[in-house]
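In the UniProt record's numbering, the protein residues as written are 1 to 354. Positions of the beta carbon are idealized from the N, C-alpha and C atoms, including for glycine.
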Amino acid sequence: MNGPGPWKGDLMINMYLDGWGGICWKFWKTDANEVVCKTIGYRTSTPLVLSNAYFVQGNTPKVISDLGCAGWEDHIGQCNIQESGSCMHTEDAGVRCVDCFEEVTTESGQITSKNYPSFFSDRKDCIFVIKPEKQISTNTAYILSIEDLRIQHFQDHRSIEIKEGIYGNALQHVRYFPPIDMVVGKEFFIRYTKENTKCNDRYRITWKALERQDAIKIGCGHASWDMAVNMTIMKKLYPDTIPELIYFPDASCTGVWRDDTIIFSHKYTECGTQREDKVNSVLYKNRLMYPEYSSPKPIGIRHFRWTIDVECELSKIDSATANFHPNEIFQQLLLSMEGWEMWTIPQDQEKKVL
1 MNGPGPWKGD LMINMYLDGW GGICWKFWKT DANEVVCKTI GYRTSTPLVL
51 SNAYFVQGNT PKVISDLGCA GWEDHIGQCN IQESGSCMHT EDAGVRCVDC
101 FEEVTTESGQ ITSKNYPSFF SDRKDCIFVI KPEKQISTNT AYILSIEDLR
151 IQHFQDHRSI EIKEGIYGNA LQHVRYFPPI DMVVGKEFFI RYTKENTKCN
201 DRYRITWKAL ERQDAIKIGC GHASWDMAVN MTIMKKLYPD TIPELIYFPD
251 ASCTGVWRDD TIIFSHKYTE CGTQREDKVN SVLYKNRLMY PEYSSPKPIG
301 IRHFRWTIDV ECELSKIDSA TANFHPNEIF QQLLLSMEGW EMWTIPQDQE
351 KKVL
């Protein structure tokens, strides 16, 4: 208590019938450091004890002389607390479990490292809590992405831990390898730990409300569609989604399972794809759809839960040069029928040399 946040403040112990008691700093043992921080939810931390009533001098009836922790405990209730002693409130102990803590409640935003996009070398143990206010009343799901993570030396000890809330399920734990694209949850607990000052890092993490477009990635091959529907994300929006019901206008053109993703790689000449010839390109159009039915391949569809128009535009070969793009992708669009939102996805295409 009395500190700037839940990660830093004076230590007070509730002695039940005897009320609250402060803790004496002069008898403090280092084994108690991690136990105190584990008790309030910060595991594997490197806490710092703050001496001599660092924040505010207490006024409780008692001052506890020793927590009696050995270091293995998960909670101070497992320690052998010593109430006797000759401590005064001027010797009250405080604790800092992490270096920095930030809580945000906005619907979208970003968290960046110190002086981003410049690199930083400080040793850091920071916690970020993202808890959008709207989620409490609407049960909205959010998507969090690590947009930028640059690590100078992989042998350096650092990690990014992401959970769905401080006591929630683990969503991702990045140590030495590139992170996955995104995670989905109602709220997020992010902990960034860097144990070395010799190496430079930087990071940028963003979040926003989850939308259907976030579950679908569209790619354009030379002769076929290259689309993927992430069912883990889609079921966050529509828990009762049946994968077999996602298809093109030709109901026989369904996807193929790969991990938690459905892949659509049908040729442009199949599945009812429309072709539009332009001066310098060919535009292919189709539509992914999901009928409002509870069984695969329903008969007599009247309503769709959602439809998404997809387009791939490929260039024509109009001249022979040393380096050219016979199938350069001009643009890839994902259009939502609800509100006609447009999503543009860039993609690099390898140059071919004749």
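N-terminal and C-terminal residue of the alpha helix (DSSP H) that K236 is part of: Indexing the sequence shown from 1 puts residue 236 at position 236. That run of the alpha helix (DSSP H) goes M231 to L237.
So for V184, helix, strand or coil by DSSP? As a working note, residue 184 is residue 184 in the sequence shown. Strand, per DSSP.
Proximity winner among I262, K235 and E161, relative to S205 (alpha-carbon distances): As a working note, residue 205 is residue 205 in the sequence shown. The question names Ser, but residue 205 in the sequence shown is Ile. Residue E161 is the option with its Cα nearest to I205.
Backbone secondary structure at R43 - three-state DSSP: Translated into positions along the sequence shown, residue 43 becomes position 43. Reduced to three states, the DSSP call for R43 is coil.
Own chain residues within Cβ distance below 8 Å of Y268, not counting five before or after: Taking the first residue of the sequence shown as 1, we reach residue 268 at position 268. Taken in chain order, the residues that qualify are A223, S224, W225, R275, Y284 and C312.
DSSP state of V279 mapped onto helix, strand, coil: Taking the first residue of the sequence shown as position 1, residue 279 is located at position 279. Correct three-state label for V279: coil.
Does DSSP put D214 in a helix, a strand or coil? To locate residue 214, count along the sequence shown from 1; it is residue 214. D214 falls in the helix class under three-state DSSP.
7 Å Cβ cutoff met for K194 and K114: Translated into the one-based positions of the sequence shown, residue 194 becomes position 194. Translated into the one-based positions of the sequence shown, residue 114 becomes position 114. For K194 and K114, no; Cβs fall outside 7 Å.
Assuming the contact rule is C-beta atoms closer than 8 Å, D277 and N230 should be a hit. Round their C-beta distance to whole Å, please. Walking along the sequence shown from the start, residue 277 turns up at place 277. Walking along the sequence shown from the start, residue 230 turns up at place 230. No, D277 and N230 are not in contact; Cβ-Cβ is about 33 Å, not under 8 Å.
Option nearest A209 by Cα separation, candidates I216, L237 and P249: Along the sequence shown, one-based indexing puts residue 209 at 209. For A209, the nearest C-alpha among the options comes from L237.
For the structure I just gave you, are there three or more beta carbon pairs, one from the stretch 66-76 and one from the stretch 27-47, closer than 8 Å? yes
Could you tell me which of H266, P117 and R212 sits nearest to N286, measuring between CA atoms? Taking the sequence shown and counting its residues from 1, one reaches residue 286 at position 286. The option with the nearest alpha carbon to N286 is H266.
Residue interval of the beta strand (DSSP E) (run including F101): Residue 101 sits at position 101 when you count from the first residue of the sequence shown. Here the beta strand (DSSP E) through F101 covers C100 to V104.
Run of the beta strand (DSSP E) containing E73, from where it starts to where it stops: The sequence position of residue 73 within the sequence shown is 73, counting from 1. No beta strand (DSSP E) holds E73; DSSP gives it neither H nor E.
Are Q82 and S108 close, meaning C-beta to C-beta below 7 Å? Against the sequence shown, residue 82 aligns to sequence position 82. Against the sequence shown, residue 108 aligns to sequence position 108. Not closer than 7 Å, so no.
Kindly indicate which three-state DSSP category C37 falls into: helix, strand or coil? In the sequence shown, counting from the first residue as 1, residue 37 sits at position 37. Looking at C37 - three-state DSSP - the assignment turns out to be helix.
Taking 6 Å as the limit between beta carbons, can you name the residues of its chain near T140, skipping five residues before and five after? Start at 1 with the first residue of the sequence shown, and residue 140 comes out as number 140. Here the set comprises K134 and A209.
Just reading off the beta strand (DSSP E) that residue 373 is part of, what are its end residues? The question about residue 373 has no answer here: the residues shown for the chain are numbered 1 through 354.
Starting from F120, follow the beta strand (DSSP E) in both directions and report where the run begins and ends. For this step, residue 120 is matched to residue 120 along the sequence shown. Looking at the DSSP string, F120 is not in any beta strand (DSSP E), and its letter there is neither H nor E.
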